[in-house]
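**Q** Chains as they are written, first to last, in the numbering used here: chain A, 58 to 457; chain B, 441 to 493. Below: one structure in structure tokens.
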Amino acid sequence: MKKVFKAEKISDNVWWVGASDWNVRNFHGYLTSRGSTYNAYLIIDKKVTLIDTVKAPFADEMLARISSVIAPEKIDYIISNHAEPDHSSALPAAVAAIRPEKIFTSVAGAKTLTAYYGDLGYTPVKTGDTVDLGKGKCAFVDTKMLHWPDSMVTWYDRDKVLFSQDAFGMHLAGSYLWADMYDWSVLEQEVRKYFANILNLYSEKVIALLDSLPGLGLDIGIIAPDHGPLWRKDHEKIIGLYRDCAEQNPRPKALVAYATMWNATKCCAEAFADGVRSKGVEVELADLNVCDRSDIMTKASLSGIIALGAPTMNNQVFPLMADVLNYLKGLRIKNKLGFAFGSCGWSGEGAKQIAAAFEEMKIEQPCPMKQVKYMPTEADLQEFFNTGAALAEQLLAKIK
Amino acid sequence: MEKFVCNICGYVYDPAKGDPDNGVAPGTPFAELPESWVCPDCGATVDDFEKAE
């Protein structure tokens, strides 16, 4: 059975030929609550060009969408902006169906694609290189480490489309192609989550790229990312949101994330949170038993205070917390006030390992780590409340 | 002293500046970086570096 899917026109000469993955929920450990899309684009010019592909199981969907516009074998060029398999694993199937004259990718992209799929015949390009398509041309800009070494963006001058690969994207499968057809709060939530979980560690490079954008002199009509909806207006809103995410300025909010075995750490977390709230600072309690690490990272990115609590188990910090610490460290969160706490029976490595992780991450801990034996006493809980209130006051003073 | 560039992410090691955040004093030539040193931006090893043009 041949699948039936139609392409969707985005400008005079460009079509969206990607795929919607409505029900993906675990994207290499990132909870994609609203699914995602893998966006591929078809430029109809004298040289017909395909920009990026999709995840391998969706190759038929992409080829069916292409076929609704033009026979796939009429495609001359493929451009791979990003070699990660969600955009490239359909490349072998695409190459088999298309037999393209050339496949353009960055220098690092050629190496990465070769490692994944063997040598399919890549033509490496660098910043400033252009490819003439006949009536329009494609220009390339290297965006190394945003977010892989191979990442680059492609500019199609004829229709003023910036194919931005993962930049300005989000995991969101929906009925509409254009971002302006969604509620802004949904877009903001998904962009912040995407940035926090994928780009946060490269925040400085993002700021440098955003700073360089005006200098490129691009009169951008459409920003076409590799995931989620496209931007035909509100460019300043999405670019501003990216800058806000990258700056990581502290916000008047506290995340209290904890793991618990017999509710002792939970009681400490609740008392601390109540102390924070007593100073009018927003607080969010998250139990790691039910809260996904990618949501913890998103909440952490929005919080000026990160309080992490865990029991000690087998002379180690509770495993769920070890996972979160590893994740936060890799994503290089900064500008936070940290607080480590927990409950233990005898040895007490739990809170100590959290405090050590904060230190390694260079996160300031104005209040010393606090650990209780077995269950907190009423006096302990009062102390947790007071610590929460004190940290909230410090945060408010810092933000002023 | 010669600068070296990371082929993975583009970070440039400048011996004049060293990498004080990771315990490398200014003035340390690339060849004398400790074995455990990795690119501060992307974590690549010294094998991925080459002389800057």
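Cβ coordinates follow ideal geometry from the N, Cα and C atoms, glycine included.
What residues of chain A sit near Cys479 of chain B, judged by a beta carbon separation below 7 Å?
**A** Those do not exist, as Cys479 of chain B stays about 10 Å from chain A at its closest Cβ, beyond 7 Å.
**Q** Hey, quick one: how far does the beta strand (DSSP E) through Ala311 of chain A stretch, first residue to last?
**A** Its beta strand (DSSP E) spans residues 310-315.
**Q** Going by beta-carbon coordinates alone, are Asp207 of chain A and Ala165 of chain A separated by less than 8 Å?
**A** Yes; because the gap between Cβ atoms is below 8 Å, this pair is in contact.
**Q** Taking Glu247 of chain A as the reference, give the member of A:Pro149, A:Ser351, A:Phe329 with the closest Cα.
**A** Out of A:Pro149, A:Ser351, A:Phe329, A:Ser351 has the C-alpha closest to the C-alpha of Glu247 of chain A.
**Q** For the pair the region 385-397 of chain A and the region 408-417 of chain A, tell me if three or more CB-CB distances fall below 8 Å.
**A** Taking 8 Å as the limit for Cβ pairs, the verdict is that the region 408-417 of chain A does touch the region 385-397 of chain A.
**Q** Scan the region 278-355 of chain A and note each continuous alpha helix (DSSP H) run of 4 residues or more that stays entirely inside, going in chain order.
**A** The qualifying runs are 292-304, 321-335.
**Q** Tell whether a beta-carbon distance below 8 Å holds between His228 of chain A and Thr89 of chain A.
**A** Yes, the pair counts as a contact, with Cβ atoms nearer than the cut-off.
**Q** Buried or exposed for Glu421 of chain A, please, with buried defined as at least 16 other CB atoms from any protein chain shown within 10 angstroms of its CB.
**A** So Glu421 of chain A counts as exposed.
**Q** Is it buried or exposed for Asn392 of chain A, if we count other Cβ within 10 angstroms and need 16 for buried?
**A** Looking at its Cβ environment, which holds fewer than 16 other Cβ atoms inside 10 Å, Asn392 of chain A is exposed.
**Q** Shorter than 8 Å from the beta carbon of Lys386 of chain A to some beta carbon of chain B?
**A** Answer no: the Cβ-Cβ gap between Lys386 of chain A and chain B never drops below 8 Å.
**Q** For Gly467 of chain B, does the count of other Cβ atoms within 10 angstroms reach 16, so buried, or fall short, so exposed?
**A** Burial call: exposed.
**Q** Tell me whether Glu442 of chain B sits in a helix, a strand or coil according to DSSP, three-state version.
**A** DSSP places Glu442 of chain B in coil when its eight states are reduced to three.
**Q** Count the other C-beta atoms from every protein chain shown that fall within 10 angstroms of the C-beta of Ala367 of chain A, then say buried if there are 16 or more, exposed otherwise.
**A** It is buried - the Cβ of Ala367 of chain A has at least 16 other Cβ atoms within 10 Å.
**Q** Indicate whether Ile362 of chain A and Leu452 of chain A have their beta-carbon atoms separated by less than 8 Å.
**A** Contact flag set, yes.
**Q** Name the two residues that bound the continuous alpha helix (DSSP H) containing Thr444 of chain A.
**A** From DSSP, the alpha helix (DSSP H) with Thr444 of chain A extends over 435-456.
**Q** Roughly how many whole angstroms lie between the Cα atoms of Asn257 of chain A and Met58 of chain A?
**A** If I take the Cα positions, the gap works out to 43 Å.
**Q** Val452 of chain B and Leu473 of chain B: beta carbons closer than 8 Å?
**A** No, they are not a contact pair.
**Q** Are Ala314 of chain A and Tyr431 of chain A closer than 8 Å when you measure CB to CB?
**A** Not in contact: Ala314 of chain A and Tyr431 of chain A (Cβ atoms no closer than 8 Å).
**Q** Kindly indicate if chain A contains any beta-carbon less than 8 Å away from that of Gly450 of chain B.
**A** So yes, Gly450 of chain B belongs to the interface.
**Q** Quick check on the burial criterion: 16 or more other C-beta atoms within 10 angstroms. Buried or exposed for Met202 of chain A?
**A** Buried, by the Cβ-count rule.
**Q** Strictly under 8 Å for the Cβ-Cβ distance: is Met209 of chain A near chain B by that measure?
**A** No, because no Cβ of chain B sits closer than 8 Å to the Cβ of Met209 of chain A.
**Q** Around the Cβ of Gly332 of chain A, are there at least 16 other Cβ atoms within 10 angstroms (buried) or fewer (exposed)?
**A** With 16 or more Cβ atoms within 10 Å of its Cβ, Gly332 of chain A is classed as buried.
**Q** Quick one: grab the DSSP three-state call for Ala145 of chain A.
**A** The amino acid at residue 145 of chain A is misidentified as Ala; the sequence shows Ser. Looking at Ser145 of chain A - three-state DSSP - the assignment turns out to be helix.
**Q** Which value, in whole angstroms, describes the spacing of the CA atoms of Arg334 of chain A and Glu440 of chain A?
**A** Answer to the nearest angstrom: the Cα atoms are 15 Å apart.
**Q** Just to check my reading of the structure: Asn138 of chain A and Val210 of chain A have Cβ atoms closer than 8 Å, yes? What is that Cβ distance to the nearest angstrom?
**A** Indeed, because the Cβ distance is near 6 Å, the residues count as touching under 8 Å.
**Q** Kindly examine the ligand SAM and report whether one of its heavy atoms sits closer than 7 Å to the Cβ of Glu416 of chain A.
**A** In terms of ligand content, the structure shown is empty, and the ligand SAM therefore cannot be addressed.
**Q** Does chain B have any CB closer than 8 Å to the CB of Pro149 of chain A?
**A** Pro149 of chain A does not count as touching chain B.
**Q** Strictly below 7 Å CB to CB, what residues from chain B border Pro206 of chain A?
**A** Result: Ile448, Cys449.
**Q** Specify the secondary structure class of Glu493 of chain B as computed by DSSP and reduced to three states.
**A** The answer is coil: DSSP assigns Glu493 of chain B none of H, G, I, E or B.
**Q** Extract the residue ranges of the beta strand (DSSP E) inside the region 353-383 of chain A, only unbroken runs of 3 or more that lie entirely within it.
**A** The qualifying runs are 362-366.
**Q** If you draw a straight line from the C-alpha of Val218 of chain A to the C-alpha of Glu339 of chain A, how long is it?
**A** Cα-Cα distance, rounded: 40 Å.
**Q** Are the region 248-267 of chain A and the region 142-156 of chain A in contact at 8 Å, needing three or more beta carbon pairs?
**A** No: fewer than three Cβ pairs fall under 8 Å.
**Q** Compile a chain-ordered list of the residues in the region 222-233 of chain A whose CB is closer than 7 Å to at least one CB of chain B.
**A** Listed by position, the residues of the region 222-233 of chain A near chain B (Cβ gap below 7 Å) amount to none.
**Q** Taking the alpha-carbon positions, what's the Phe62 of chain A to Ala121 of chain A distance?
**A** Approximately 5 Å, taken between the alpha carbons.
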